[in-house]
Every structure is written in C-alpha cells, then in structure tokens.
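K.L.:
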Amino acid sequence: MISSKKSQHIIFFIAFINCCIIFLITIISLTTDYWVVIRPIRHINPEKLDITKQIFESLNSTIDGNSTVNGSNQDDEIDYSFIDDDMEDENENQIIDLSQKLDCKRFQGIIRFGLFKGVWLLNYAFGCKYRLNKIYIIDALSKDKIFDQTLWICTILCCSLSLFTIFLSAIFSLLNAFLSPTNPIHGPLSIYLWNSLSALFHLLGILIFTGEFYFYINRNILTKELLESGWTSTGRGQLAWSFYIQFISIFLISVNIVIIYLYSKFKKDSFLNLKNNFEKNENLINVAENVENEQLSNSISDEKKSSRKLKRIIDFIY
C-alpha cells in the first residue's frame, strides 16, 4: 500500500507535468499564426472595365471554369495548408506561382495571423499567381488601424499573465512533489491560487479576443487600398486552432485543481477518521479506568466493612 507521503509526491508530480504541458500549449498558442483565418474575395464591376479587360476575364473564366468576372464565383473551401514557414520567408509583396499546389480560385485568397504576425495570400486573376504579403500586427495597429489596439494588447497581456502564473504553479507543484513545506501557503493552497489565476487569465484572453474578432476582425480586415480595389472580408473569417487550444489549457488547469482538491479531501477525511478513532479509544480507556476505579473503591469498601466486623468480633470476645 502506498504511504500518504509517497502518494502526496505522486499527486503533486502529476500536477507539475500538467503545468509543463499547459505552459507548452500556451507558448504554442502565442507564437503560431492560426488565431484567425479569413478567406477574402474580390468583386469586380464589369461596367468599370474596358473591353480588353472584359475579354481577358471572359477567356480566363472559360479556361478556369471556376469564377466569373462579377465576383459571384463558387465559394468552395480551398486548402491552404501548404502555406508554411518556408513560404513566409519569401520577400514581401512577392508574386508566387501556386499552380502545382492548388486548384486556383480567381479573386480569392487567404489571410491568417496570430497575435504578432501573419500572412496574406491574394489571387488577382493572373492565372495561378498569388501576391504574398507578410503582416506584422504592430504595424497594423499603428498604421492601418484595422484592429482595436486596446483589446489586442489586453489579449496579449492576459495570455502572458496566464503563462507567468502557470509557471509559478509548476514551481510550487515541483516543490511539493519532492518536499513537504510546513507553511500552508506553499502547499496545496498555492496550487489552487496559481492554477485558478491562470484559468482566469486564459478565460479573459479568450473573451477579449472573441470580442475583437466579432466586432472588428470579422467586419473588415482589409486595408483601404484593398477595399477600393473590390476586395471584401466581411463575415468571411473564422477562429482557428491557435485560439482553440486555449481551451485545452483551461481543461488541464481544471484537472490540476480537481486532483489536488480530491487529494486534500482524502487527506482530510483520513485525518478525521484517525482523530475519531483516537477519541473513541480514549473514551474506552477512560471508561475502563472508571470501571477499574469503581471496582477498586468497592473492594476497598468491602475490606473496610470486613475489618470492622472483625474488630467487633474481637471486641466481643475480649
């Protein structure tokens, strides 16, 4: 049977492993560029095009069979999973040929970004050539003003604080896994505190970014120049996996809190049972002592009575 002290070390070591996983997930969420994925399209008014452009668009439409000049093309999902870090190393405003990587959809594209940077890939109907632009959120906040700066900074702040608090939780979990702190604030109480704060900051970050997404990003993410040229992104965005893995962190934090709570409850129940058994034994001992004392007093009184009778007999004889 595992001793109480050994079980304590195992429980807190499991909590430490959980904290490390949460820390890693939060780092991945912060550094990856899949918080939001947007698929913008471009609407072209044929009346504003000259005859040459109309012929060019008509020929391309016939060849591709995918989109039309007026922008009412099929809105099929395009697999842009090939846009990896190698492609992001390309020069900004690079024109790249993706004919070998996807079935081209003219006047369509993809925009994806995280909390710090992202990438734009737009098709201007020049065959399967896409214009690649890298975006840095700090530039978008200061120049284009397509995000709400306060909400964005609050999201980063909440994620950073959740990272810091789960780091503290990992330290205290490791401390309890190998030592037995005498100060209560260094024990399970510290695990409750730092895990609860980390979960709170995760939730705040999720709520703030959700507000940013629905009130700003999903309404428009494009610059003024792109809007004037016919591009639109309204209602075409979705939250991606870098955002959703925050919920995994919250789940693991909840697991930490639950296992520490169950362990503390089990330890408390064991202590109460031990205390009750001790009190019962103490009561039994007291009862036994009382009975013994009563018997002793009875025997003494009997002896006294016997001695008195004996004395009377002796007095009678003599």
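Numbering (the working numbering), first residue to last: 23 to 340. Note that CB positions come from ideal geometry on N, CA and C, so glycine has one too.
1. Among residues of its own chain, excluding the 5 on either side of residue 140, which ones have a beta-carbon nearer than 6 Å to its beta-carbon?
2. Express the C-alpha separation of residue 261 and residue 275 in angstroms, rounding to a whole number.
3. Between the segment 166-181 and the segment 223-239, can you find at least three pairs of beta-carbon atoms closer than 8 Å?
4. Evaluate residue 257 with the Cβ neighbour count: other Cβ atoms within 10 Å of its Cβ, from every protein chain shown; 16 or more gives buried, anything less gives exposed.
5. Label residue 164 either buried or exposed according to how many other C-beta atoms from any shown protein chain fall within 10 Å of its C-beta, with 16 as the threshold for buried.
6. Across the segment 32-43 and the segment 274-288, are there enough close Cβ pairs to call them in contact, namely three or more that are closer than 8 Å?
7. Let's see if you can read the secondary structure: which residues bound the beta strand (DSSP E) around residue 132?
8. I need the boundaries of the alpha helix (DSSP H) containing residue 227, first residue and last residue.
9. If residue 278 sits next to residue 198, beta carbons under 8 Å apart, how far is it from one beta carbon to the other, in whole angstroms?
10. Just the Cα atoms here: how many angstroms apart are residue 45 and residue 189?
11. Pop quiz: residue 184 and residue 223 are said to be a contact at Cβ under 8 Å. What is the actual Cβ separation, rounded to whole angstroms?
12. Going by DSSP in three states, residue 89 sits in which element: helix, strand or coil?
13. Looking at the secondary structure, which residues open and close the beta strand (DSSP E) in which residue 261 lies?
14. On the criterion of 16 or more Cβ atoms from any shown chain inside 10 Å, does residue 253 qualify as buried, or is it exposed?
15. Closer than 7 Å by C-beta to residue 248: which residues in its own chain qualify, once you throw out the five before and the five after it? Chain order, please.
16. Expressed to the nearest angstrom, what Euclidean distance is found between the alpha-carbon atoms of residue 59 and residue 132?
17. Can you name the residues that DSSP bridges to residue 60?
18. Tell me, which residues are paired with residue 157 by DSSP?
19. Please look up how many angstroms separate the CB atoms of residue 233 and residue 173, rounded, as I've assumed it's under 8 Å.
20. Got a sec? Which residues, its chain only, sit under 6 Å from residue 231 by beta carbon, not counting five neighbours each side?
21. Is any beta-carbon of chain D found at less than 9 Å from that of residue 65?
22. Quick check on the DSSP output: the alpha helix (DSSP H) that includes residue 165 runs from which residue to which?
23. From residue 208 to residue 159, what does the alpha carbon distance come to, in whole angstroms?
24. Given this structure, state the Cα-to-Cα distance separating residue 194 from residue 30, to the nearest angstrom.
25. For residue 270, which residues in the same chain have their Cβ closer than 7 Å to its Cβ, ignoring the five residues on either side in sequence?
26. Mapping the DSSP letters down to three states, classify residue 99 as helix, strand or coil.
P.N.:
According to the structure data:
1. Same-chain partners within the cutoff: 55, 134 and 157.
2. If you take the alpha carbons of residue 275 and residue 261, they lie about 22 Å apart.
3. By the Cβ rule, the segment 223-239 counts as touching the segment 166-181, because three or more pairs are nearer than 8 Å.
4. By the beta-carbon neighbour count (other beta carbons within 10 angstroms, threshold 16), residue 257 is exposed.
5. Exposed, because fewer than 16 other Cβ atoms sit within 10 Å of the Cβ of residue 164.
6. A contact exists between the segment 32-43 and the segment 274-288.
7. The continuous beta strand (DSSP E) containing residue 132 extends over residues 131-135.
8. Where residue 227 is concerned, the enclosing alpha helix (DSSP H) stretches over 210-234.
9. Their Cβ separation, rounded to whole angstroms, is 12 Å, which puts residue 278 and residue 198 out of contact at 8 Å.
10. About 7 Å.
11. Confirmed, about 4 Å.
12. Residue confidence is low: residue 89 scores 37 on pLDDT, short of 50, so the model does not pin down where it sits. No coordinate-derived value is stated.
13. Residues 259-261.
14. Buried, since its Cβ has 16 or more Cβ neighbours within 10 Å.
15. Taking residue 248 as the centre and dropping the five residues before and after it, the same chain places no C-beta closer than 7 Å to its C-beta.
16. So the alpha carbons of these two residues sit roughly 7 Å apart.
17. BP columns for residue 60 point to 133 and 259.
18. For residue 157, which the question treats as bridged, DSSP gives the partners 140.
19. Confirmed, Cβ separation roughly 6 Å.
20. The beta carbon of residue 231 lies closer than 6 Å to those of 177 in the same chain, with the five residues before and after it left out.
21. Absent from the structure is chain D; it holds one protein chain and no more.
22. Run containing residue 165: none; DSSP gives neither H nor E here.
23. Their Cα atoms are separated by approximately 40 Å.
24. Take the alpha-carbon of residue 194 and the one of residue 30: they are about 13 Å apart.
25. Answer for residue 270: 47, listed in chain order.
26. Reliability fails at residue 99, whose pLDDT of 48 lies under 50, so the model's placement of it is uncertain and the value that follows must be treated cautiously. Of the three classes helix, strand and coil, the one that applies to residue 99 here is coil, per DSSP.
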